[in-house]
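Student: Before we start, here is the structure in question, set down as structure tokens.
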Amino acid sequence: MEVVIRPNADAAADLVARVIAHELRSHPRLVLGLATGNTMEAVYARLVQMHREEGLDFSVCRTFNLDEYVGLSSNHANSYRHYMNQHLFLQVNIDLQNTHLPDGMAANLPAECANYERLIAENGGIDLQLLGIGQNGHLGFNEPLSAFRSRTRVKILSPVTRAQNAPLFPGPDLIPHRAITMGVGSILDCRRCILLATGEEKAAIVARAVEGPITSMISATALQLHPDCTLILDETAGSQLKESDYYHWVFENQPEWEPFRTAAPAAKINGFQARNPSVKKPVEAV
Ligand code: GLP
């Protein structure tokens, strides 16, 4: 596991987007695993910008999302299909036929889950999986006690998760109780995982995920077992980590990060350039 701490949320999301863009340019038929949530919106906005301004090409890539609510149709405003269409798919040149989310309206949910696993395998597995983290440490909707060998299946949403996602729904009774989610085992099979977490409300769970004991009570601790996993954080999300100096040192010295360190665009903190505190002049345009 690697931990990269950027000065602010914009810089963290920008780094995630640039890693995805780099992989997409090197492997146009990339199989991308995608995530939803507020945190990801900045990543998708940056990818859309790269598509418009730099011609980032999505035409032959394939995508699989982590999860979908049971009982919400694809055109429901709170479905993850709707989220993905709005934030990414309809804004870039992706072929919608190559975009996949579980069908939360499927009549036979276990068959839908098995079919989703089969589709991922038929596409050669997921090359790069983007992940967020819930406040209880879930990945996708792998709620506490999800088995580390679990595959795509239906999970009951915990009270913490329902409360966390409540602001997105018009009323508390309308929050689904269940979701289809890729399993922890399905996620661990992805060739590379990148988890993005920003904001102070993620600081405690990020510290437990990175530096705490591995436990199925916190699905994200399973990532400690993954051979190629990077957590990209802003400073607030990384603020409860005990070993952040070490993580900074690794990032500064890891040759593979070279193009990403030097090419980092100016990031804003309260209107000032963030990367060089000695040159505090207002940022005019980013
Ligand atoms: C939902 C998704 C997760 C995501 C989480 C974080 O629960 N199923 O995949 O990681 O939201 O959301 P946010 O970025 O809004 O904190």
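Residue 162 in the numbering used here sits at position 155 of the sequence shown; the count goes up by one each step and never skips.
Beta carbons are placed, not taken as given, at the ideal position from N, Cα and C, and that holds for glycine.
Bear in mind that the values here come from a model prediction, so they are computed numbers and not experimental data.
(1) Using CA atoms only, rank isn't needed, just tell me which of G144, Y87, R88, S193 is closest to E124.
(2) What do you reckon, is the C-beta of T46 under 7 angstroms from a heavy atom of ligand 1?
(3) Assign A20 to buried or exposed, taking buried as 16 or more other Cβ atoms, counted over all protein chains shown, within 10 Å of its Cβ.
(4) If I measure Cβ to Cβ from F148 and keep anything under 6 angstroms in the same chain, skipping five residues before and after, which residues do I get?
(5) Which runs of the alpha helix (DSSP H) fall wholly inside the region 203-240 and span at least 4 residues, in chain order?
(6) Count the CB pairs spanning the region 200-212 and the region 227-246 that are closer than 8 angstroms, and state whether there are at least three.
(7) Evaluate A18 with the Cβ neighbour count: other Cβ atoms within 10 Å of its Cβ, from every protein chain shown; 16 or more gives buried, anything less gives exposed.
(8) Take S153 and list the residues in its own chain whose beta-carbon comes closer than 8 angstroms to its own, dropping the five residues that flank it on each side.
(9) Determine the closest residue to E265 out of A16, V26, I182, M8, with distance taken between C-alpha atoms.
(10) Please report the distance separating the alpha-carbon of A16 from that of G206.
(11) Starting from the N-terminal side, write out each stretch of the beta strand (DSSP E) that is 3 residues or longer and does not extend beyond the region 73-117.
(12) How about T70: is its Cβ closer than 7 angstroms to a heavy atom in ligand 1?
(13) Give me, in chain order, the residues of the same chain whose beta-carbon lies closer than 8 angstroms to that of R160; leave out the 5 immediate sequence neighbours on both sides.
(14) Please tell me whether, using a cut-off of 7 angstroms, the distance from the CB of N172 to the nearest non-hydrogen atom of ligand 1 is below it.
(15) On a Cα-Cα basis, can you pick out the residue from Q247, Q56, Q104 that is closest to R215?
(16) So the alpha helix (DSSP H) R156 belongs to, where does it begin and stop?
(17) For ligand 1, is there any heavy atom lying closer than 7 angstroms to the beta carbon of I140?
(18) Are the beta-carbon atoms of L54 and L135 separated by less than 8 angstroms?
(19) Can L73 be considered in contact with ligand 1, in the sense that its beta carbon sits closer than 7 angstroms to one or more heavy atoms?
(20) In terms of residues, what are the limits of the beta strand (DSSP E) holding Q136?
(21) Sorry if obvious, but does the Cβ on G147 come closer than 7 angstroms to a heavy atom of ligand 1?
(22) With a threshold of 7 angstroms (Cβ to nearest heavy atom), would T43 be considered close to ligand 1?
(23) Rounded to whole angstroms, what's the CA-CA distance from C197 to L230? Just pull it up for me.
(24) Quick one: is Y296 buried, meaning 16 or more other Cβ sit within 10 Å of its Cβ, or exposed?
(25) Might you give, ordered along the chain, the residues of its own chain that have their beta carbon closer than 8 angstroms to the beta carbon of E9, omitting 5 neighbours on each side?
Tutor: On the basis of the supplied data:
(1) S193
(2) yes
(3) buried
(4) Correct list, in chain order: D74, K162, A186, T188.
(5) 210-218
(6) yes
(7) buried
(8) Non-local C-beta neighbours of S153 in its own chain, meaning closer than 8 angstroms and more than five positions away in sequence, comprise H145, K162, G190, V191, S223, S226, ordered along the chain.
(9) V26
(10) 7 angstroms
(11) 74-76
(12) Flag unset: Cβ of T70 not near ligand 1.
(13) P117, C120, I187, T188, G190.
(14) yes
(15) Q247
(16) According to the DSSP assignment, R156 belongs to no alpha helix (DSSP H), since it is labelled neither H nor E.
(17) yes
(18) no
(19) yes
(20) 135-138
(21) yes
(22) yes
(23) Cα to Cα, C197 sits roughly 11 angstroms from L230.
(24) The requested residue 296 is not part of the displayed model; the chain covers only 8 to 293.
(25) Its chain contains C236, T237, L238, Y254, V257, F258, Q261 as the residues whose beta carbon lies nearer than 8 angstroms to that of E9, once the 5 sequence neighbours on both sides are disregarded; these appear in chain order.
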